[in-house]
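The next block holds one structure in the form of structure tokens; read it before the comments.
In the UniProt record's numbering, the protein residues as written are 1 to 714.
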């Protein structure tokens with residue numbers, strides 16, 4: 001307790017709770033050190049007019065009947081019971097109310113517009129407004145306006161600004177400031193483009209957002225394929241190459257601008273699909289008269305992806321033959337001999353997606369004539385024959401025969417039969433004879449060869465008159481012996497010359513024989529290497545077969561597990577239906593506008609929405625899109641005959657080709673697909689049911705964004 005000599009402490013924490021045009025609400029705290037009931041004296045005034053009052057036992061005072069737009073001086077002191085008084089505490093304020101309803105619109109990356117309303121009751125009072133706009137560490141932007149709006153431009157993108165507005169009367173009195181904060185939009189990257197796509201990588205680029213030339217920033221890139229978590233990466237450049245992607249997979253790409261303080265722009269997005277790799281190193285391994293073997297290497301990146309290969313082959317003017325295989329080689333049979341074939345191979349995924357084609361050409365071998373035989377030989381003629389080559393029964397062809405003796409040009413003739421008589425030959429002369437098959441297009445087979453020697457002329461076996469003539473000639477020759485001797489010498493010289501030529505030819509033959517032997521050795525070496533490679537291939541084939549057997553075993557185990565899962569799923573579904581039936585038996589009725597079937601209630605919408613929005617509507621009704629578990633339920637759903645197409649709760653939007661109901665269970669049985677469905681087109685990941693006037697109706701997959709009616713079930 002204070003003595004009479006003690007000085008009373010003044011009121012504490014004097015503050016304004018509410019200010020209007022003609023009133024004010026004040027509050028204060030107890031003087032320091034005083035307890036119990038207290039009395040305070042309060043005075044206020046403007047322009048020489050003063051009023052006062054006492055407040056006993058309280059710390060709050062409302063003063064009314066003030067003059068609008070005037071500056072008031074408020075004084076307050078503590079009073080003791082003996083009349084003593086503490087020192088005054090003072091405050092001044094004007095009865096000027098600040099603006100209200102601050103709003104921001106037309107917000108952009110470098111500008112925004114601020115709107116406000118005049119204070120209530122001051123709509124007709126002359127006034128203007130003082131506006132300030134600032135960000136920490138920069139000069140404040142100020143402006144004065146008579147309007148109730150102000151547009152700020154040339155601002156920094158993605159920056160937070162504090163904007164204050166103060167009412168200023170014509171006498172200079174000002175209200176308290178009212179403030180708001182606004183953040184300019186951080187512009188997103190511009191023109192996001194997919195520049196290139198490969199089997200396991202893709203390059204994307206974009207333009208720098210406007211207004212960020214002087215602002216530190218970078219870009220965050222997110223990419224993922226359906227059913228996987230997004231991968232995030234950052235870069236300060238305007239392009240990036242995404243690697244380690246899966247072949248033949250669609251990816252969603254998003255890019256946003258990021259400031260140093262972590263603030264991000266809106267996302268811009270695009271999609272891309274990586275290329276399905278083509279078979280590698282397509283080779284023609286062997287070619288026969290009516291068959292050919294081709295092989296290729298597995299495309300990179302498909303080790304974990306189910307795929308096979310489609311092979312197409314044809315000759316000009318015919319339809320292609322198409323076959324498939326899961327191995328890396330195939331033998332094409334039943335080909336036409338001596339014919340060029342175009343062969344193409346592509347990779348095919350389980351969903352039917354195909355790679356581009358790789359191609360090659362091959363020409364089957366034209367078979368040569370078989371069993372070339374010399375049937376007869378005379379002094380100036382010879383007969384040769386052969387067998388028709390196999391596989392040419394339906395093919396137009398003929399034969400080309402070439403024959404010559406040493407030192408002469410070959411004689412060439414043709415025939416369509418399998419034999420020929422060669423005439424005009426020299427007696428006692430060896431002839432080389434070659435025969436080949438020739439098609440209508442001029443293509444020839446390899447040559448088959450033989451040799452024959454014509455018979456010497458035997459004059460002594462002529463009749464006796466000829467012998468007499470010969471005796472007479474001998475007499476004449478004897479008479480001319482000297483002349484014949486000279487001619488003999490000439491012939492001997494000619495013989496020597498021919499002998500020398502023969503020796504030279506023999507040397508050339510020996511050289512060719514040596515070269516042939518060397519080539520034969522080289523061929524033997526290549527044959528040995530081929531046999532070694534064949535052995536290695538056989539070993540790899542055995543290993544592959546063992547792995548295939550192991551894979552088959554695993555596949556069998558997987559099938560057993562799937563069957564077990566399906567059985568368990570069906571049992572679970574039956575139990576779930578039983579629970580639902582019991583629950584509905586307790587409830588006994590469906591909401592108004594719903595139809596009952598079994599233990600479930602069904603609702604047909606009266607408007608059209610996308611599949612996702614349709615499901616959201618069902619969820620808001622405490623239900624979900626309908627799940628069809630039996631033929632009877634399918635028939636019941638088909639009974640909603642007022643509409644042709646409706647959404648049901650089946651989708652493969654998570655994993656392409658894996659159909660699941662909205663409760664997460666996989667589609668097993670029953671299935672009511674329309675013929676040719678599901679088609680698996682782009683975006684066709686949701687299922688609709690088509691009404692048929694008689695029967696159960698059918699399903700088809702369709703674009704999830706399409707707007708149509710739906711059926712809910714609960």
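Glycine included, every Cβ here is placed at the ideal spot set by N, Cα and C.
Kindly indicate the opening and closing residues of the beta strand (DSSP E) around residue 71.
-> Segment 71-79, the beta strand (DSSP E) holding residue 71.
Sequence-distant residues of its chain with Cβ nearer than 7 angstroms to residue 102 (five each side left out) = Contacts found: 114, 116, 165, 178 and 180.
From the DSSP output, which residues share a beta bridge with residue 221?
-> Answer is 233 and 255, bridged to residue 221.
Any chance the region 231-242 sits against the region 333-345, with 3 or more Cβ pairs inside 8 angstroms?
-> When C-beta atoms of the region 231-242 are compared with those of the region 333-345, fewer than three pairs fall below 8 angstroms, so the two segments do not count as touching.
So is residue 686 buried or exposed if we call it buried at 16+ other beta carbons inside 10 Å?
-> By the neighbour-count definition (other C-beta atoms within 10 Å, threshold 16), residue 686 is a buried residue.
Is it true that the CB of residue 659 sits closer than 8 angstroms to the CB of residue 649?
-> No; because the gap between Cβ atoms is not below 8 angstroms, this pair is not in contact.
For the candidate residues 676, 600 and 485, whose alpha-carbon lies nearest to that of residue 713?
-> Just measuring C-alpha positions, the residue of 676, 600 and 485 sitting nearest residue 713 is 600.
When the Cα of residue 59 is compared with those of 77, 73, 46 and 100, which residue comes out closest?
-> Minimum Cα distance to residue 59 is reached at 77.
Which of helix, strand or coil does DSSP assign to residue 377?
-> Looking at residue 377 - three-state DSSP - the assignment turns out to be strand.
Residue 716 versus residue 73 - alpha carbon distance = Residue 716 is absent from the model: the chain starts at 1 and stops at 714.
Straight-line gap, residue 677 to residue 555 (C-alpha atoms, nearest Å) = Rounded to whole angstroms, residue 677 to residue 555 spans 26 angstroms at the Cα level.
Using a Cβ-Cβ cut-off of 7 angstroms (strictly less than) and excluding sequence neighbours within five positions of residue 334, which residues of its own chain qualify?
-> The answer, listed in chain order, is 290.
By a C-beta neighbour count over all protein chains shown, 10 Å radius and 16 as the cutoff for buried, is residue 709 buried or exposed?
-> A residue is called buried once 16 or more other Cβ atoms fall within 10 Å of its Cβ, and residue 709 is buried on that count.
Where does residue 460 sit, in a helix, a strand or coil, going by DSSP?
-> With a pLDDT of 49 at residue 460, under the threshold of 50, the modelled position of that residue is not reliable, and the figure given next carries that caveat. Three-state result, residue 460: helix.
Alpha carbon to alpha carbon, what distance is there between residue 401 and residue 436?
-> Cα to Cα, residue 436 sits roughly 7 angstroms from residue 401.
Below 8 angstroms between beta carbons: does that hold for residue 380 and residue 358?
-> Contact annotation: residue 380 and residue 358 have beta-carbon atoms that are not nearer than 8 angstroms.
Would DSSP call residue 700 helix, strand or coil?
-> DSSP places residue 700 in strand when its eight states are reduced to three.
Assign residue 611 to one of three DSSP states: helix, strand, or coil.
-> In the structure shown, residue 611 falls within a helical segment according to DSSP collapsed to helix, strand and coil.
Should residue 652 be labelled buried (16 or more other beta-carbon atoms within 10 Å of its own) or exposed?
-> So residue 652 ends up on the buried side.
Measuring from the CB of residue 704, is there a heavy atom of the ligand GDP at a distance below 7 angstroms?
-> Annotation note on the ligand GDP: not contained in the displayed structure, which lists no ligands.
Residue 638: first and last residue of the uninterrupted alpha helix (DSSP H) it sits in | Residue 638 -> alpha helix (DSSP H) spans 631-638.
Can you say whether residue 460 is buried or exposed, counting buried as having 16 or more other CB atoms within 10 angstroms of its CB?
-> Residue placement at residue 460 cannot be trusted, given a pLDDT of 49 that sits under 50; the coordinates are not used to answer.
Identify, in the order they occur along the chain, each residue of the same chain with its Cβ nearer than 7 angstroms to the Cβ of residue 696, setting aside the five sequence neighbours on each side.
-> Contacts found: 631, 634, 635, 638 and 672.
Starting from the Cα of residue 251, find the closest Cα among 149, 272, 361 and 241 and give me that residue.
-> Distance check between residue 251 and each of 149, 272, 361 and 241 places 272 closest, using alpha-carbon atoms only.
Applying the criterion that 16 or more other CB atoms from any shown protein chain within 10 Å of the CB defines a buried residue, is residue 502 buried or exposed?
-> By the beta-carbon neighbour count (other beta carbons within 10 angstroms, threshold 16), residue 502 is exposed.
First and last residue of the beta strand (DSSP E) that includes residue 45?
-> Start and end: 39-46.
So does the region 320-331 actually touch the region 425-435, counting three or more Cβ pairs closer than 8 angstroms?
-> Counting Cβ pairs under 8 angstroms, fewer than three are found: no touch.
Which class does residue 329 belong to by DSSP, given the choice of helix, strand or coil?
-> It is a strand residue.
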